[in-house]
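Undergrad: Have a look at this one before I ask anything.
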Amino acid sequence: MTAEIQMPQQHIAIISHRGLHEPWREIVHMGTHLVFPRSHYNHQATTDCFYFIDKGRVRLTYTNAAGEDHVVMFFGKGCIFNETSVITGDEATMACFRVLERTEAYRFPSSLIHDAEFARQYPHLILNMLRGTATKFSNLFSVSFLIKHGTPLARVCRFLRQLSRSHNNAKAFPLDMTQLELASVLDIHRVSLFRCLQQLRELGILVRFSRHEIELSELDQLEKLLEEQEEAEWG
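Here it is as structure tokens:
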């Protein structure tokens, strides 16, 4: 058992996570090794197990009452997923997971989290899980309250600003999602997103946008445009 509780270094992003639960690699021998192929359908969250991603990428989606899927966040190497359903025991959750690429993971039974003896032997892992889960929800709230309101252009600008800030105010930073997924995150139509990106290019703010990376020209221009959008929205 590790005597000192160490918090992992993680990939900093607002909805795309890597390495949040890297310390759990210490006990992968207790889990069942699985290989998931890339999937085009969602897997419903369950309450009987959770997973640690060794390699690959998984997307978390919520389905609303109308049956519409909304992308929430992404998990990569060194992340645990489905732990929330296990902790709460909520079988009525609308959460789903989709495997975006070939993924190797370790499955653990839900009983592990609720085992007092396990908690005594591995307190650093329980604390790591709590911290990682709190980080996910903190970032989810950030997306919900800072991004999901206003005009489509304002939402796109806020999202780009938040991504830049989460990477130390960089002008170029990773994205790791498609335009369709980003439109779902921002709760706007993909045509509206395309128009917003085109407008940012014409204004000289957006240099490059791909599913893997975004590059901006001047952050001050982005900030000024966002201020104009918010002034028009809120008067």
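So in the UniProt record's numbering, spot 87 of the sequence shown is number 87, and the numbers just go up one at a time.
C-beta: ideal position from N, C-alpha, C; glycine also.
Looking only at C-alpha atoms, which of Ser-184, Gly-132 and Glu-231 sits nearest to Thr-63?
TA: Position 63 of the sequence shown holds residue 63. For Thr-63, the nearest C-alpha among the options comes from Ser-184.
Undergrad: Note down the Cα distance separating Pro-174 from Ala-45, rounded to an integer number of angstroms.
TA: Looking up residue 174 in the sequence shown gives position 174. Looking up residue 45 in the sequence shown gives position 45. Using only the alpha carbons, I get a separation of about 28 angstroms.
Undergrad: Report the residue from Ala-105, Asn-168 and Arg-155 whose alpha carbon sits nearest the alpha carbon of Cys-49.
TA: On the sequence shown, position 49 is the one that residue 49 refers to. Checked all of Ala-105, Asn-168 and Arg-155; the closest Cα to Cys-49 is Ala-105.
Undergrad: So, helix, strand or coil for Pro-37, using DSSP?
TA: Along the sequence shown, read from residue 1 onward, the residue named residue 37 stands at position 37. Three-state result, Pro-37: coil.
Undergrad: I need the DSSP call for Asp-54, collapsed to helix, strand or coil.
TA: Residue mapping note: residue 54 aligns to position 54 of the sequence shown, counting from 1. In the structure shown, Asp-54 sits in a strand (DSSP, three-state: E or B).
Undergrad: Alpha carbon to alpha carbon, what distance is there between His-40 and Arg-102?
TA: Indexing the sequence shown from 1 puts residue 102 at position 102. Indexing the sequence shown from 1 puts residue 40 at position 40. One C-alpha to the other measures close to 12 angstroms.
Undergrad: Using only the alpha-carbon positions, how far apart do residue 251 and Asp-187 sit?
TA: The structure shown does not extend to residue 251, since the chain is modelled only from 1 through 235, so no value can be given for it.
Undergrad: Just curious, the beta strand (DSSP E) that Arg-98 is in, first and last residue?
TA: Sequence index remark: in the sequence shown, residue 98 carries index 98 (1-based). Per DSSP, Arg-98 belongs to the beta strand (DSSP E) from 95 to 99.
Undergrad: What does a CB cutoff of less than 8 angstroms around Phe-194 pick up in its chain, not counting 5 residues either side in sequence?
TA: Sequence index remark: in the sequence shown, residue 194 carries index 194 (1-based). Counting only Cβ-Cβ distances below 8 angstroms, and skipping sequence neighbours, we find Gln-179.
Undergrad: May I ask you to report which of helix, strand or coil DSSP gives Thr-133?
TA: The residue you call residue 133 lines up with position 133 of the sequence shown. Three-state result, Thr-133: helix.
Undergrad: With distances taken from CA atoms, which of Gln-221, Ser-192, Arg-190 and Val-35 is nearest Leu-203?
TA: The sequence position of residue 203 within the sequence shown is 203, counting from 1. The option with the nearest alpha carbon to Leu-203 is Gln-221.
Undergrad: Using C-beta distances below 7 angstroms, list every residue in its chain close to Ser-85, excluding the 5 sequence neighbours before and after it, in chain order.
TA: In the sequence shown, residue 85 corresponds to position 85, counting from 1. So the qualifying residues of the chain are Ala-45, Thr-46, Thr-47, Thr-93 and Ala-95.
Undergrad: What separation, rounded to the nearest whole angstrom, lies between the Cα atoms of Asp-54 and Phe-36?
TA: In the sequence shown, residue 54 corresponds to position 54, counting from 1. In the sequence shown, residue 36 corresponds to position 36, counting from 1. Each residue's Cα considered, the two are about 11 angstroms apart.
Undergrad: Between the Cα of Ile-80 and those of Val-71, Arg-59, Glu-68 and His-70, spot the shortest distance and give me the residue it belongs to.
TA: Sequence index remark: in the sequence shown, residue 80 carries index 80 (1-based). Nearest option by C-alpha distance: Arg-59.
Undergrad: Among Ala-119, Arg-165, Gln-229 and Met-30, which has the Cα closest to the Cα of Thr-151?
TA: Translated into the one-based positions of the sequence shown, residue 151 becomes position 151. Ranking Ala-119, Arg-165, Gln-229 and Met-30 by Cα distance to Thr-151 puts Gln-229 first.
Undergrad: Let me confirm a value: Leu-160 is counted as buried when at least 16 other C-beta atoms fall within 10 Å, else exposed. Which label applies?
TA: In the sequence shown, residue 160 corresponds to position 160, counting from 1. With 16 or more other Cβ atoms within 10 Å, it is buried.
Undergrad: Thinking just about the alpha-carbon of each residue, which of Leu-226, Lys-224 and Lys-171 is nearest to the one in Arg-208?
TA: On the sequence shown, residue 208 is found 208 positions in, with the first residue counted as 1. Checked all of Leu-226, Lys-224 and Lys-171; the closest Cα to Arg-208 is Lys-171.
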